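Colleague: Under this note's numbering, read the sequence shown as residues 8 to 468, first letter to last. We put the beta carbon where it would ideally sit given N, CA and C, even for glycine. Bear in mind that the values here come from a model prediction, so they are computed numbers and not experimental data.
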Amino acid sequence: MAADGGRIAALEAQLDAFDPDARGEALAALTGMARAGLIAAPPAGEETNVHSHTFFSYNAYGYSPSGFVWRAWRRGLAVAGTVDFDVLHGLEETLQAGQTLGVRTASGLETRVFIPELRDKEINSPKEPGVWYFVGAAFPRVPPAESPAGAVLARMHALAQERNRGMIARINAYLGKVAIDYERDVMPLTPSGNPTERHLLSAYDRQARALLGGGAAAFWGEALRIGEERARALLADPPRLHEAMRSALMKAGSPGYAAPEAGAFPTLKEAAAMVKAAEGLPAAAWLDGTSAGEADIDALLDFLLGEGIVAVNIIPERNWNISDPDARALKARKLRECVEACRARAMPVVAGTEMNKHGQPFVDNFAVDELAPFGHDFLSGALTLHGHTVLARSGPWSYGGAWAVDTFGSAAGADGRRRRNEFYRAVGAAGPLPAVRCARLAAIKADAAPRALLEAVGREN
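(1) Can you say whether Glu153 is buried or exposed, counting buried as having 16 or more other CB atoms within 10 angstroms of its CB?
(2) Measuring straight from C-alpha to C-alpha, what distance separates Ala284 and Gly44?
(3) Thinking just about the alpha-carbon of each residue, which of Leu460, Ala104 and Ala456 is nearest to the one in Arg444?
(4) Pro123 by DSSP, collapsed to three states: which one?
(5) Go ahead and pull the three-state DSSP assignment for Asp244.
(6) Using the Cα positions of Thr107 and Pro441, report the straight-line distance between them to the nearest angstrom.
(7) Is the CB-CB distance between Ala20 and Thr396 below 8 Å?
(8) Taking 8 Å as the limit between beta carbons, can you name the residues of its chain near Arg162, skipping five residues before and five after?
(9) Three-state secondary structure (DSSP) at Pro380?
(10) For Gly39, name the three-state secondary structure that DSSP assigns.
(11) Going by alpha carbons, who is nearest to Leu231 out of Gly260, Gly220, Leu218 and Ala217?
(12) Indicate whether the contact test is met: 3 or more Cβ pairs, each with one atom in the segment 121-131 and one in the segment 84-100, closer than 8 Å.
(13) With 16 other CB atoms within 10 Å as the buried threshold, where does Arg340 fall?
(14) My understanding is that Gly5 touches Lys258, with C-beta atoms under 8 Å, so please give their C-beta distance in whole angstroms.
(15) What residues in its chain sit with their C-beta under 6 Å from that of Ala186, if we drop five residues either side in the sequence?
(16) Put Asp309 into one of helix, strand or coil per three-state DSSP.
(17) For Arg424, count neighbouring Cβ atoms within 10 angstroms of its own Cβ and tell me buried if that reaches 16, exposed if not.
(18) Hey, Val86 and Ala389 are a contact pair by Cβ (cut 8 Å); roughly how many whole angstroms apart?
(19) Identify whether Glu153 lies in helix, strand or coil by the three-state DSSP scheme.
(20) Within this structure, are the beta carbons of Arg427 and Ala411 separated by less than 8 Å?
(21) In or out: His96 buried (at least 16 other Cβ within 10 Å) or exposed?
(22) Starting from His58 and walking both ways along the beta strand (DSSP E), at which residues does that stretch end?
(23) Between Pro133, Ser405 and Pro332, which lies nearest to Ala473 when the distance is taken from Cα to Cα?
(24) Using a Cβ-Cβ cutoff of less than 6 Å, which residues in the same chain neighbour Ile304 once the five nearest sequence positions on both sides are dropped?
(25) In terms of residue numbering, what span does the alpha helix (DSSP H) encompassing Asp413 cover?
(26) So what does DSSP say about Met140, is it helix, strand or coil?
(27) Below 8 Å on the Cβ atoms is my guess for Val149 versus Glu99; work out the distance and round it to an integer in Å.
(28) Going by beta carbon distance, what residues of the same chain come within less than 6 Å of Ser254, once the five residues before and after it are set aside?
(29) Okay, do the segment 318-330 and the segment 349-366 touch, 3+ Cβ pairs below 8 Å being the bar?
(30) Would DSSP call Ala9 helix, strand or coil?
(31) Which value, in whole angstroms, describes the spacing of the CA atoms of Ala280 and Glu236?
(32) Put Leu337 into one of helix, strand or coil per three-state DSSP.
(33) How big is the Cα-Cα spacing for Phe5 and Thr414?
(34) Nearest by alpha-carbon distance to Pro457: which of Asn171, Ser405, Asp192 and Ala224 is it?
(35) Mapping DSSP to helix, strand and coil, what is Thr391?
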């Protein structure tokens, strides 16, 4: 068994290789060992994480989509979802790994957009009025590059890379001798040409160590204005060093920061239209309710509904895992207000941990007092995403499509949203679908009634 343990560990590491063939071989081998009884996992419970970044943008632990879904299977997650910045590079791998392992999955993207109507208010991007983190959830597939949605997606990626290059130019000018080159030093850190700020931080850290050796502490002590002794301690703890670098070099008021100009981000209307055209679900990324733009959650959600937003994504740790008791109480209250406002509007609520920063857990602690009342909301929302993904991949039955409008009524009204939520949640609750049942769905006529679809997903092989 020790030999098996070593082989399992090696295969799990291989799951996160940049080479897709190596990942596929590892997943196939691990799946075979699981079916042979050599690897055990608990039955799927009620825990969910449908907002985890992968190495296609940045995962602090280097997880690929296959690596994340495999670990979700071993943990017994009810639903596992990936979300990467500005790209859908991990979508097919996420969904295929879920089908292979029997894990409910969904996949989407996160990006930043500009909301002209809120240009004077800070919303969920600190110190950037009008700039808003936005989620396109549960895409059934990657839109074709030649489609209008594909063109918008390509522009989002290009804008993100332009912002990175501009930031590097400004930071290089400030740091001088520890300058980096985007193509040489940053691109090799990613599997598909989608670096993020955190890749830039790794590149600057590597460059300083390579060029300066023991002098790196003095360099960072001066550049970050933290002193040599503090910098030396941080060099032994790279995640904390990178956070200090990010704050001092990239955030508002720092040498690398530039206030967003017109056109630096797509507008909310453009991004939401792209997601809807690609049959995904436009979703709000809610921070913590303390900014001017989020303070009145009812007004914000009503505005967002009018812009086509149909769901809300929350990172719960930001609302309870806080050392200051007053701040914790305030943000826990804001979380409750947000979930209750979503319930009143029949907007699915989903949760995740991001995993793009060291220390973030694989799954939230839904047992803490602040989250326990909302576990059902998070599970229901995640099942809705999975149910939509299954149906939209199999036929013309997406959450926001014409079939859903004809069947459940317009998504503009809470009653119509509530009916469709119940249906897609029930499809998701039927479980992860093997290929044979997905093929059965695809053979059903396009105007099938909800009952026929539920029967198809509910029947055993």
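Modeller: Taking the coordinates as given:
(1) By the neighbour-count rule (16 or more Cβ atoms within 10 Å), Glu153 is not buried but exposed.
(2) Rounded to whole angstroms, the separation of the alpha carbons of Gly44 and Ala284 is 43 Å.
(3) The candidate whose alpha carbon is nearest that of Arg444 is Leu460.
(4) Helix at Pro123.
(5) Three-state DSSP puts Asp244 in coil, outside helix and strand.
(6) Rounded to whole angstroms, Thr107 to Pro441 spans 8 Å at the Cα level.
(7) For the 8 Å CB-CB criterion, Ala20 and Thr396 do not form a contact.
(8) For Arg162, where only same-chain residues beyond five positions count, the Cβ hits under 8 Å are Pro273.
(9) Correct three-state label for Pro380: helix.
(10) The DSSP-derived three-state label of Gly39 is helix.
(11) Nearest of Gly260, Gly220, Leu218 and Ala217 to Leu231, Cα basis: Gly260.
(12) By the criterion of at least three beta-carbon pairs nearer than 8 Å, the segment 121-131 is not in contact with the segment 84-100.
(13) Here Arg340 is exposed: its Cβ has fewer than 16 other Cβ atoms, across all protein chains shown, within 10 Å.
(14) This structure leaves residue 5 out entirely; the chain is present only between 8 and 468.
(15) Taking C-beta separations shorter than 6 Å and ignoring five residues to either side along the sequence, the partners of Ala186 in its chain run Asn179, following chain order.
(16) Of the three classes helix, strand and coil, the one that applies to Asp309 here is helix, per DSSP.
(17) Buried is the call here.
(18) That belief holds up - the Cβ atoms of Val86 and Ala389 are roughly 4 Å apart, short of 8 Å.
(19) It is coil, neither helix nor strand.
(20) Going by C-beta atoms, Arg427 is nearer than 8 Å to Ala411.
(21) The residue is buried, with at least 16 neighbouring Cβ atoms inside 10 Å.
(22) Unbroken beta strand (DSSP E) run through His58: Thr55 to Ser59.
(23) For residue 473 there is no data in the structure shown, the boundaries of the chain being 8 and 468.
(24) The residues are Glu344, Cys345 and Ala348.
(25) Segment Ala409 to Phe415, the alpha helix (DSSP H) holding Asp413.
(26) For the record, residue 140 in the displayed sequence is Tyr; it is not Met. Looking at Tyr140 - three-state DSSP - the assignment turns out to be strand.
(27) Contact flag correct, Cβ pair sits at about 7 Å.
(28) Same-chain partners within the cutoff: there are none.
(29) In short, these stretches touch, since the Cβ pair count reaches three.
(30) Residue confidence is low: Ala9 scores 48 on pLDDT, short of 50, so the model does not pin down where it sits. No coordinate-derived value is stated.
(31) If I take the Cα positions, the gap works out to 51 Å.
(32) In the structure shown, the three-state DSSP call for Leu337 is helix.
(33) The chain is shown only over 8 to 468; residue 5 falls outside these bounds and no answer can be derived.
(34) Selected option, being the one with the closest Cα: Ser405.
(35) The three-state secondary structure of Thr391, taken from DSSP, is helix.
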